[in-house]
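Using the working numbering, the letters of the sequence shown correspond one by one to residues 24 to 179.
No residue lacks a Cβ here, since even glycine has one placed at the ideal position from N, Cα and C.
The structure presented is a predicted model; accordingly, all values stated were derived computationally and were not measured.
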Amino acid sequence: MKVVVFAMACFSVSACSAQDVRSVEMPSATWKTLAPSPHKTLAVKVDTNVELEVLDWGGSGRPIVLLAGLGMTAHVFDAFAAKLAGPSHVYGITRRGYGASSQPTSGYSEERLVEDDLKVFDALNLVAPVVAGHSIAGNELSQLGVHHFGRIGGLV
24 MKVVVFAMAC FSVSACSAQD VRSVEMPSAT WKTLAPSPHK TLAVKVDTNV ELEVLDWGGS
84 GRPIVLLAGL GMTAHVFDAF AAKLAGPSHV YGITRRGYGA SSQPTSGYSE ERLVEDDLKV
144 FDALNLVAPV VAGHSIAGNE LSQLGVHHFG RIGGLV
């Protein structure tokens, strides 16, 4: 609940458009989770021939975007993401190179990964999302906070 309170405390405004998003059905073998939760799976185009798997747990409040640690997908948040949904609209991004997201041969710098995140925000019309992550996602969070602070509502 503290995350939701924090999430609702910090917001700014950005312009977004809803392009390059499609609902997809992922094979069940793509990711095995210990605590599956109901969610929609989206494919969001972020670059030429690069789509990211984005999980949408729903909700009706301010957006919260969850970023997984190294080697993990957004499914790592299945156990608790649905608990945040309701007062917040919760999404999880599987970065390029992992899970059902595209696995291009290049484009893995911190700057590129942040650009991918921003393209997801734009495609989903997310205004000032609170972005939370763990482990290596801290690199993306730092880049967002330093270079794109006007696009986010908070970092956790």
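| Query | Result |
| --- | --- |
| Between residue 73 and residue 149, what straight-line distance do the alpha-carbon atoms span, to the nearest angstrom? | 20 Å |
| Quick one: is residue 131 buried, meaning 16 or more other Cβ sit within 10 Å of its Cβ, or exposed? | exposed |
| According to DSSP, residue 117 sits in a beta bridge with which residue or residues? | 76 |
| With distance defined between alpha-carbon atoms, name the residue in 153, 60, 157 and 120 nearest to residue 173. | 153 |
| Below 9 Å between beta carbons: does that hold for residue 78 and residue 115? | yes |
| Quick one: measure Cβ to Cβ for residue 146 and residue 67, integer angstroms, because I've assumed they're closer than 8 Å. | 5 Å |
| Under DSSP, the beta strand (DSSP E) around residue 169 begins and ends at which residues? | Here residue 169 belongs to no beta strand (DSSP E); instead the alpha helix (DSSP H) covers 160-170. |
| Taking the C-alpha atoms as reference points, what is the distance between residue 170 and residue 117? | 21 Å |
| Just the C-alpha distance for residue 85 and residue 95, rounded to the nearest angstrom, thanks. | 25 Å |
| So residue 139 is in the alpha helix (DSSP H); what residue range does that whole segment cover? | 133-146 |
| Is it the case that the Cβ atoms of residue 90 and residue 157 are separated by a distance below 9 Å? | yes |
| Express the C-alpha separation of residue 63 and residue 98 in angstroms, rounding to a whole number. | 12 Å |
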